[in-house]
Amino acid sequence: MLQPSLTKIDRWRYKLISTYCISSVLDIGCGQKILSEYLPANSYTGCDIEGGDIRCSVYALPFGDRAFDTVVMGEILEHIGNPLYALEQAAAVAKQRIIVTVPNDYSLVRLSRLIAGRETEIEPEHIISYNSWNLARLFEQVKFTVRESFCFPLRLQLFPEIPIKSRFGYWLFSIADRT
């Protein structure tokens, strides 16, 4: 049962992430383990510094090499000071795929705030901004190749319930496979 406090857009995001997952999944920074609601129970492991199935840091994952077919890092890279090291740790435990979602540096929300002369970073705890280019460079450094990258959603005032993929969407999704 999905948590009722989630917005429809949040639900779409988790459901979309789940469609790219292959077999066994490690959800780093899982929080409330919402992604698990879209995956078979026996295929999901969540870890988080504050809980999950396993309590651990992204900098010290307690799993063997290539232990999971898919590693998901949803909305965490923008919070950490050493994203390359974190991605190296994820790559070590990923057999085939890493899925990363981050706020999109080129979202209409950020661009409109920039034009209005307001602070572009909505969340003060975000310390690094990402776009498809700099995220792809990180993946290259850990020997993964981005197979698909897109932004989601672009919500239009007239049609707020229709999720549209666009370069200017709020979240950046990058799906990368081992090279």
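With the first letter of the sequence shown counted as 1, position 150 gets the number 140 in this note's numbering; the numbers rise by one all the way through.
Every residue, glycine too, gets a C-beta built ideally from N, C-alpha and C.
Terminal residues of the alpha helix (DSSP H) in which residue i lies
i: Glu130; result: Ser122 to Gln131
i: Ser8; result: Lys(-2) to Thr9
i: Pro73; result: Pro73 to Val83
C-beta atoms of residue i and residue j nearer than 7 Å
i: Val132; j: Leu77; result: yes
i: Asp17; j: Gly41; result: no
i: Gly19; j: Asp38; result: yes
i: Leu51; j: Val92; result: no
i: Asp59; j: Ser8; result: no
i: Tyr28; j: Tyr4; result: yes
i: Arg56; j: Asp167; result: no
i: Ser47; j: Tyr34; result: no
Own chain residues within Cβ distance below 8 Å of residue i, not counting five before or after
i: Phe158; result: Asn94, Tyr96, Ser97, Leu98, Leu101, Cys141 and Leu144
i: Tyr75; result: Tyr49
i: Gly63; result: Per the sequence presented here, residue 63 reads as Met, with Gly not at that position. The answer, listed in chain order, is Ile18, Gly19, Val48, Ala76, Leu77, Ala80, Ile88, Ile89, Val90 and Thr91.
Neighbourhood of residue i by C-beta, 6 Å cutoff - its chain only, sequence neighbours within 5 removed
i: Ile170; result: Here the chain has residues from -9 to 169 only, and residue 170 is not among them.
i: Val44; result: Just to set this straight, residue 44 is Ile in the shown sequence, not Val. Result list for Ile44: Cys37, in chain order.
i: Lys85; result: Arg56 and Asp59
i: Ala126; result: Val136
Start-to-end residues for the beta strand (DSSP E) that takes in residue i
i: Asp167; result: Trp161 to Arg168
i: Arg137; result: Phe134 to Phe142
i: Asp38; result: Tyr34 to Asp38
i: Ile117; result: Note, Ile117: premise wrong, no beta strand (DSSP E); not H, not E.
i: Asp95; result: Note, Asp95: premise wrong, no beta strand (DSSP E); not H, not E.
i: Ile18; result: Val15 to Ile18
Interface flag, residue i vs chain C, CB-CB below 7 Å
i: Glu113; result: Given the protein chain composition of this structure (a single chain), no chain C is represented.
Whole-number beta carbon distance between residue j and residue i, since they are thought to touch under 8 Å
i: Glu68; j: Tyr120; result: 6 Å
i: Ala81; j: Phe134; result: 6 Å
i: Ile(-1); j: Pro73; result: Contact doesn't hold; Cβ gap of about 24 Å is too wide.
- 4-residue-minimum alpha helix (DSSP H) runs that sit fully inside the region 41 to 65, ordered along the chain: Look at the region 41 to 65 and you find no whole run of alpha helix (DSSP H) that is 4 residues long or longer.
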